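Sequence positions in the sequence shown follow numbering that gives the first Met the number 0 and run 0 to 688.
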Amino acid sequence: MATELTGGLSAMQAFAVVGIAGVGAQWLAWRFRLPAIVLMLAAGLFLGPVTEIFVPSRDIGDVIPPMIALAVAVILFEGGLTLSFKKLADARPGVRRLVYIGAPLGWLMSSLALVFVAGLGWESAIVFGGIMIVTGPTVIAPLLRQAKLTSRPAQILQWEGIVNDPIGALVAVFALEIVLVRNTGVTWGEALAQLVLGIGFAAVIGVLAGYMVVQAFRRGWVPEYMKVPLLFVTVLGVFAGADSLLHESGLLAVTVMGLVIANADLPSYHELHRFKEHATILLVSGVFILLAASIRFETLAQLNWWRAGLFVASVVLIARPVTVMLSLIGTNLPIKERLLIALTGPRGVVLVAVSGIFAERLVNEGIEDGALIAPLAFVLVLVTVVLHGFTLAPLARRMGLTSGDRPGLLIVGGSLFATGLAKALEKADVNVLITDTNRDHLRTARAVGVQTFYGDILGDAAEHNVEFIAYGAILAASDNDAYNTLVATDLAPEFGRDSIWQLARHKEDRARHALPTQLGGQTIEGNRTLAQYLELLGEGWIFRTTRLTEEYRLEAWREARPGAIPLAVVQNGQLWLVNSEDDLVDKPDIYIVSMLPPDVAQQIEQENEAQTAPKDSAREVARAEAEAVRRGEGSGSVPGGENATAADRLRDQSKDDPDLMESQGDVSDGDGTPREPPQKDPDADLPKD
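This is how it looks when you write it as structure tokens:
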């Protein structure tokens, strides 16, 4: 039974509760790998209708509608800021079809379901049907990370959510304007003129505001530290200004403004991108808690539950599959991928937030069944998020469309050290990809069967050809210290700083060359540079993959491997690189990847364990590479010379030698079964030379 607190919460207490509950739910979702939206909805329901600890109408009052409206404006601006026409043009044909064909078809199918199944009138149906185009990128992204889908269906689902997010809101605004204008009693000619004038006015305001922001940033009229605050208040100003002249046109204006800025190729775009990510997390959390806490059981009781259940079922099993299958006719997508995409369509924050605003507007205009939009949206979001959150991964596994449970490491830099580490990690069932901007550096890796990508890992080509979702960690290990630092710093927000690693920089031990902690990544055991690791290989050190057992524990490994340098640990599908001895785990079925000194390697060879040490040619290549890196001082521009030429010649001679980078390890510890990579090697079709 609900227990209402006497007097309720003060406004300050209410805002604190919303913030703590929203962000706390997102953190718990990350910690326990659960859909964040489910926990946020549960938190809001618990605080609101279940216990009545926080009742928005009682504790905050009249500020709720403008707060939600402004939050939705920022969220839609974020959607527009994500939508780059260049990226859309480069997207797969399936994405374009789901946008150009799927959006209008989805609007039609959803509206029909609302009219003939949910029982809404056509006015409410076309407005709510437009909002239902949105699949919700804030929901899709966590689901994809959790399910570990293969590259193509994951990219299509992610891009569909990003692109259709603002489109759905625009369609809903367009439909709402039609309904509102029609109910004013004017002629259709006047109505059309008013509608075009309103949409045109909002579009012009959005374009002008976006253009002014772009020019101000590009010409240096705004200092760097004021760009994000200026952008934020501009969004609020544009929304409020447009909305005060024509209701709901502010949503269109801020979305258009985001589109203009996104396609202006601003140098400050990454800083703006960070702003919108942080703002979206806070606003999504707050909006979900507010909306869920505002739900009253009496409101849900207005629904005809058998109709509501049939409506959700028709959306999940008919409207979404028909829309996707018809849109993808003529593409080269396999039927399994089409089915998976067709059966995956969770709705998120924009649907709940925008539907609440539009429902209130429709009710104020005398359209009574508009009151059913908010509870229908809530039920649809709750069911689809829970359904897809707990079934997408098993369904994808059953269809063979997952990257598996293998951990993944992306190594930047194609040295012999990177190739040897990759081969050793593969014996611990780790999925490894080596990338380099120099094609010649990848020849050895390709020769021994390691997946490679030729190109800049920070470029657009990598975004469309590398399955980032399959790799949980990154090691920046190229011969360019500055580039390593750039990669580690740029990708840290996406992967998490705990998953970003970097080889030590030259001269890093000197105070004048030390970097602040927010730049670069963590260093691995020993704090060695690439040249130092290559020198060890040149001296005869080898890579070793060892599995601990009940009988062979960590202490026994240390005694048998004196002087070993532990590099990585693999446990139950998780990979982490070793920063210190404390990172080693003493448990059975733990894989330790390490480098062993020559005397230990010789002893292992004499004991006839599974593998052999690197051949002399590989040692010579490692010595030559180490000297070349030292002469370049980590700049990436290694000057030519006899040693560099000799390294190229030796690499050329040994590129077809399958034993060149074979890791010293107890391969009998594994099952010996060849494993298919989770995605096609991005460089598989490149010629060997």
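Beta carbons are placed, not taken as given, at the ideal position from N, Cα and C, and that holds for glycine.
All figures in this text were calculated on a predicted structure; none of them were measured in a lab.
- Query: With which residues is G407 paired in a DSSP beta bridge?
  - Reply: G407 pairs with N430.
- Below 9 angstroms between beta carbons: does that hold for A70 and A352? Yes, these two residues count as a Cβ contact at 9 angstroms.
- Query: To the nearest angstrom, how far is it from the Cα of E741 to the Cα of A475?
  - Reply: An answer regarding residue 741 cannot be provided, because it is not within the stretch 0 to 688 covered by the chain.
- Item | CA nearest to the CA of R560, picked from G7, N526, L574 and W540 | Cα-wise, what sits closest to R560 is W540.
- Contained alpha helix (DSSP H) runs [length at least 4] in the region 4-35, N- to C-terminal order: Every alpha helix (DSSP H) stretch that sits fully inside the region 4-35 and reaches 4 residues is listed by chain position as 10-31.
- How big is the Cα-Cα spacing for F467 and F115? Going by the C-alpha atoms only, they are around 42 angstroms apart.
- For Q301, the three-state DSSP class (helix, strand or coil): Correct three-state label for Q301: coil.
- Please list, in chain order, all residues of the same chain as R57 whose beta carbon is under 6 angstroms from its beta carbon, the five residues on each side excluded. Cβ within range, chain order: G7.
- What distance in whole Å lies between the Cβ atoms of L408 and Y482, which are believed to be in contact at a cut-off of 8 angstroms? That pair is no contact at about 18 angstroms.
- Do G355 and I372 come within 9 angstroms of each other at the CB atom, strictly closer than that value? Yes, the pair counts as a contact, with Cβ atoms nearer than the cut-off.
- Item | When L536, S593 and P333 are compared against E690, the one with the closest alpha-carbon | Outside the shown range of the chain, which is 0 to 688, sits residue 690, and nothing can be said about it.
- Helix, strand or coil: how does DSSP classify L583 here? Annotated three-state conformation of L583 is coil, per DSSP.
- Item | 7 angstroms CB neighbourhood of W106 in its chain, flanking five on each side removed | Its chain contains G128, G129, I132 and V170 as the residues whose beta carbon lies nearer than 7 angstroms to that of W106, once the 5 sequence neighbours on both sides are disregarded; these appear in chain order.
- Residue burial classification, S293 (beta-carbon count within 10 angstroms, cutoff 16): Flag for S293 reads buried.
- Query: Enumerated in chain order, which unbroken segments of the beta strand (DSSP E) with a length of 3 residues or greater are wholly contained in the region 455-535?
  - Reply: The beta strand (DSSP E) runs of length 3 or more contained entirely in the region 455-535 are, from start to end of the chain, 472-475 and 499-501.
- Item | Pick from D61, I139 and T545 that is closest to L386, judged by C-alpha positions | Ranking the options by Cα distance to L386, first place goes to I139.
- Item | Same chain only: Cβ atoms within 7 angstroms of W556, ignoring 5 sequence neighbours per side | The answer, listed in chain order, is T545, L547 and I591.
- Query: Are I161 and G93 close, meaning C-beta to C-beta below 9 angstroms?
  - Reply: Their beta carbons are not under 9 angstroms apart, which means I161 does not touch G93 by this criterion.
- Secondary structure of W556, DSSP reduced to three states: Helix, per DSSP.
- Message: Please return the same chain residues whose Cβ sits closer than 6 angstroms to the Cβ of L289, not counting the five positions on each side in sequence.
- Response: For L289, where only same-chain residues beyond five positions count, the Cβ hits under 6 angstroms are P55.
- C-alpha distance - E641 paired with E624, whole-angstrom precision: With a pLDDT of 46 at E641, under the threshold of 50, the predicted position of this residue should be treated as unreliable, though the coordinate-derived value follows. A straight-line Cα-Cα distance of about 12 angstroms links E641 and E624.
- Task: Report yes or no: do the region 425-443 and the region 172-183 share at least 3 C-beta pairs separated by less than 8 angstroms?
- Result: Of all C-beta pairs linking the region 425-443 to the region 172-183, fewer than three are shorter than 8 angstroms, placing the two stretches out of contact.
- May I ask you to report which of helix, strand or coil DSSP gives V195? In this structure, DSSP gives V195 a helical state, which the three-state scheme calls helix.
- Item | Nearest-angstrom Cβ-Cβ length linking A406 and L142, presumed shorter than 8 angstroms | Correcting the residue identity first, residue 406 is Pro in this sequence and not Ala. Incorrect: roughly 20 angstroms between the Cβ atoms, too far for contact.
- Query: Which two residues bound the contiguous beta strand (DSSP E) that contains I130?
  - Reply: Careful: I130 lies outside any beta strand (DSSP E), inside the alpha helix (DSSP H) at W121 to I130.
- contact_flag[the region 296-309, the region 364-384] where n(CB pairs < 8 angstroms) is 3 or more: Contact holds: three or more Cβ-Cβ distances are below 8 angstroms.
- Query: Nearest to R552 by CA position, among E538, L566 and V584, is which residue?
  - Reply: The shortest C-alpha separation from R552 is found at V584.
- Would you kindly check if the distance between the Cβ of V73 and the Cβ of L265 is under 9 angstroms? Contact flag unset, no.
- Reduced DSSP secondary structure (H/G/I, E/B, other) of R622: DSSP places R622 in helix when its eight states are reduced to three.
- Task: Just the C-alpha distance for A15 and G525, rounded to the nearest angstrom, thanks.
- Result: A15 and G525 have their C-alpha atoms some 45 angstroms from each other.
- Query: Taking the alpha-carbon positions, what's the L196 to V259 distance?
  - Reply: Cα to Cα, the separation comes out at about 20 angstroms.
- Coarse secondary structure for D58, derived from DSSP in three states: Residue state for D58 is assigned as helix, using DSSP reduced to three classes.
- From P48, V411, N303 and S284, pick the residue whose C-alpha is nearest to that of A461; which is it? With distances taken between Cα atoms, A461 lies closest to V411.
- Message: Just to confirm my understanding: we take W121, look at its own chain, exclude 5 residues before and 5 after, and list those with CB closer than 8 angstroms. What are they?
- Response: If we look at W121 and ignore the five residues flanking it on each side, its Cβ neighbours are S110 and V114.
- Count the other CB atoms, across all protein chains shown, that sit within 10 Å of the CB of D655; report buried if there are 16 or more and exposed otherwise. Bear in mind that the predicted position of D655 carries a pLDDT of just 46, short of 50, making it unreliable; the figure below should be weighed with that in mind. D655 counts as exposed, since fewer than 16 other C-beta atoms from the protein chains shown sit within 10 angstroms of its C-beta.
- Start and end of the alpha helix (DSSP H) containing L424? Start and end: L415 to E425.
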